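Numbering (my numbering), first residue to last: 50 to 180.
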């Protein structure tokens, strides 16, 4: 299931986790930019399938899942590392590569790479074993 005619294929769980990672990158600096939202929206529009659960409901669940980590910056490294590991553990290598591109696109959407974004991106590269 890794690729379909050269395109990365996501099932419902992996796309939900990819969106959660992208939202985490968007939220991590405390300033969610419209351009970051647009990157995530394009990804969802391209990969979210009609047979998946309602995206608005899933997005609300993701918000609930990741917002405590953003609000409490103490222990950032270990808590976020664990969250990233949990979100990405079942992804295929093509999904992991695509995810890294997605979080990079979200990080760079506003034209500014803040320190927390840079640390999170480095964490993604380490946890996904992609350099």
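In this text, a Cβ means the ideal position worked out from N, Cα and C, and glycines have one as well. Fair warning: this is a prediction, and the values are worked out from it, not measured in the lab.
Around the beta carbon of residue 106, fewer than 16 other beta carbons sit within 10 angstroms, so the residue counts as exposed. Minimum Cα-Cα distance from residue 115 among the listed residues 79, 60, 156 corresponds to 79. Note that the stretch 162-170 touches the stretch 66-80; at least 3 beta-carbon pairs, one per stretch, sit closer than 8 Å.
Look at the stretch 68-124 and you find these whole runs of alpha helix (DSSP H), each 4 residues long or longer: 83-96, 104-120. In this structure, residue 59 sits near residue 144, with a CB-CB distance shorter than 8 Å.
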